[in-house]
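K.L.:
Take a look at the following structure, please.
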Ligand code: PLP
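Structure follows, in structure tokens:
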């Protein structure tokens, strides 16, 4: 199959799937999601994504009628039904189906959604991720629950659209000059050999790509500083880097049209190499083919 939709046990091509209008996602965005990529039909870092998904559900007091083990079995089985070896694996839970009323509906069962689509690798996008990402800055007007992976993403949508219109790859949010994260990734800087990343508070999503970058820094002997940094510090950094589950720490070349980074490509390259190496090891350990040159991630 080219793609796959799943809703409470029903599957089919995404274009043919139908969901009830009263699903709480349509009136309130009342749900949480998680997502990763699969390579060679193996979802990457699935256990960590499932852990975060269960934490997100707990924060919204959504009580699932499925277990971690159910999800850990379901997602790989769906991934195998889609042809593309590299896919986006996205799943969400919504609070249920009930007539529109703000407070939690009593007795409604949560709805589980999944979609799988071919993941457009860098080869199909603008080329090699190592070419340097272009970003814009945007004032962060989001609410104070950015640590929860909720479906409420309007400011992120608007910022990503603004970045695209400016010919850029991402938008970096800041709150009065304090850098938080990007519209769908985390942003970090290298300065004097130190990896700086925003602290894990309610202003950012604790990215799994970010956690992997921090862990690889530990192995490479790169000190990590989690104190907030400013837009000015970012513009003066040796390197600006972004991470998400399908984006393995490419360097940023421009922000708001001004050149940034490019002063410590050796360290940035070591970190990116370690992250990609970790991905390949993960896939190979689960039986994936080790011919990775065909994917540009
Ligand atoms: N921040 C935001 C707002 C995101 O939407 C995402 C990914 O969807 C991330 C950060 C990166 O998270 P992860 O590395 O878990 O993909």
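Numbering (this note's numbering), first residue to last: 4 to 300. Heads up, the beta-carbon is just placed ideally off N, CA and C, and yes, glycines get one too.
#1: Assign residue 223 to buried or exposed, taking buried as 16 or more other Cβ atoms, counted over all protein chains shown, within 10 Å of its Cβ.
#2: Within 10 angstroms of its Cβ, does residue 99 collect 16 or more other Cβ (buried), or is it exposed?
#3: Do the CB positions of residue 156 and residue 95 come within less than 8 Å of each other?
#4: How about the stretch 27–45 and the stretch 282–291: do they share at least three Cβ pairs that are nearer than 8 Å?
#5: Tell me whether residue 232 is buried or exposed, calling it buried when 16 or more other Cβ atoms sit within 10 Å of its Cβ.
#6: On a CA-only basis, which of 32, 175, 263 is nearest residue 142? Give me that one, please.
#7: My output table needs one value for residue 299: the three-state DSSP class, helix, strand or coil.
#8: Please state whether DSSP places residue 283 in a helix, a strand or coil.
#9: Name the one or two DSSP bridge partners that residue 13 has.
#10: Could you check the C-alpha separation between residue 166 and residue 12 for me, to the nearest Å?
#11: Counting only the same chain and skipping the five closest in sequence on each side, list residues whose C-beta sits under 8 Å from that of residue 211.
#12: Locate the beta strand (DSSP E) running through residue 251, then write down its first and last residues.
#13: How about residue 177: is its Cβ closer than 7 Å to a heavy atom in the ligand PLP?
#14: Using 8 Å as the cut-off, can you tell me whether the stretch 238–246 makes contact with the stretch 184–195, which would need three or more C-beta pairs spanning the two stretches below that distance?
#15: According to DSSP, what are the bridge partners of residue 189?
#16: For the stretch 114–125 and the stretch 144–151, state whether three or more C-beta atom pairs, one from each stretch, are separated by less than 8 Å.
#17: Going along the chain, which residues of its own chain have a beta-carbon closer than 8 Å to the beta-carbon of residue 68, five neighbours each way excluded?
#18: Leaving out five residues before and five after residue 144 in sequence, what residues of the same chain have Cβ atoms less than 6 Å from its Cβ?
#19: By how many angstroms is the C-alpha of residue 93 removed from the C-alpha of residue 63?
#20: Could you work out which residue in 221, 219, 177 is closest to residue 201 when comparing CA atoms only?
#21: Would you mind working out which of 37, 287, 260 sits nearest residue 188, comparing C-alpha positions?
#22: Thinking C-alpha only, which one of 298, 9, 267 is nearest residue 282?
#23: Quick one: give me the first and last residue of the alpha helix (DSSP H) that residue 30 is part of.
#24: Please report the straight-line C-alpha distance between residue 258 and residue 214, rounded to a whole angstrom.
#25: Could you check whether residue 220 and residue 274 sit closer than 8 Å to each other, using their CB atoms as the reference points?
#26: So, is residue 173 buried or exposed, given that buried needs 16 or more other C-beta atoms within 10 angstroms?
P.N.:
Quick answer:
#1: For the purposes of this step, residue 223 is identified with residue 220 of the chain shown, where counting begins at 1. Exposed is the call here.
#2: Translated into the one-based positions of the chain shown, residue 99 becomes position 96. That one is buried.
#3: If you number the chain shown from 1, residue 156 lands on position 153. If you number the chain shown from 1, residue 95 lands on position 92. For residue 156 and residue 95, no; Cβs fall outside 8 Å.
#4: Yes, since at least three Cβ pairs between the stretch 27–45 and the stretch 282–291 fall closer than 8 Å, the two stretches touch.
#5: The sequence position of residue 232 within the chain shown is 229, counting from 1. Label assigned to residue 232: buried.
#6: For this step, residue 142 is matched to residue 139 along the chain shown. Checking every option, the nearest Cα to that of residue 142 belongs to 175.
#7: Translated into the one-based positions of the chain shown, residue 299 becomes position 296. Residue 299 falls in the coil class under three-state DSSP.
#8: As a position in the chain shown, residue 283 is number 280, starting the count at 1. Helix at residue 283.
#9: For the purposes of this step, residue 13 is taken as the residue at position 10 of the chain shown. In the DSSP output, where bridge partners are listed per residue, residue 13 has 10.
#10: For this step, residue 166 is matched to residue 163 along the chain shown. For this step, residue 12 is matched to residue 9 along the chain shown. Going by the C-alpha atoms only, they are around 37 Å apart.
#11: Within the chain shown, the letter at position 208 stands for residue 211. Counting only residues of its own chain and dropping the five nearest sequence neighbours on each side, residue 211 has a CB closer than 8 Å to the CB of 39, 48, 51, 52, 55, 248.
#12: By 1-based counting over the chain shown, the position of residue 251 is 248. Element bounds for residue 251: 250–258.
#13: Here residue 177 is taken as the residue at index 174 of the chain shown, counted from 1. Result no, Cβ not under 7 Å from the ligand PLP.
#14: Short answer: they touch.
#15: Your numbering for residue 189 matches position 186 in the chain shown. BP columns for residue 189 point to 246.
#16: no
#17: Reading the chain shown from its first residue, position 65 is the one you call residue 68. So the list reads 112, 113, once near-sequence residues are dropped.
#18: As a first step, residue 144 must be located in the chain shown, where it is residue number 141. Contacts found: 158.
#19: Looking up residue 63 in the chain shown gives position 60. Looking up residue 93 in the chain shown gives position 90. Taking the straight line joining both Cα atoms gives about 19 Å.
#20: Working through the chain shown from its first residue, we reach residue 201 at position 198. Closest option to residue 201, Cα to Cα, is 177.
#21: Within the chain shown, numbered from 1, the residue matching residue 188 stands at position 185. Ranking 37, 287, 260 by Cα distance to residue 188 puts 37 first.
#22: Here residue 282 corresponds to residue number 279 of the chain shown, with the count starting at 1. Answer by Cα proximity: 298.
#23: The residue given as residue 30 occupies position 27 in the chain shown. First-last of the alpha helix (DSSP H) with residue 30: 27–31.
#24: Taking the first residue of the chain shown as position 1, residue 258 is located at position 255. Taking the first residue of the chain shown as position 1, residue 214 is located at position 211. Cα-Cα distance, rounded: 24 Å.
#25: Locating residue 274 in the chain shown gives position 271, counting from the first residue. Locating residue 220 in the chain shown gives position 217, counting from the first residue. It is a contact, given that the beta carbons lie within the stated cut-off.
#26: Position 170 of the chain shown holds residue 173. It counts as buried.
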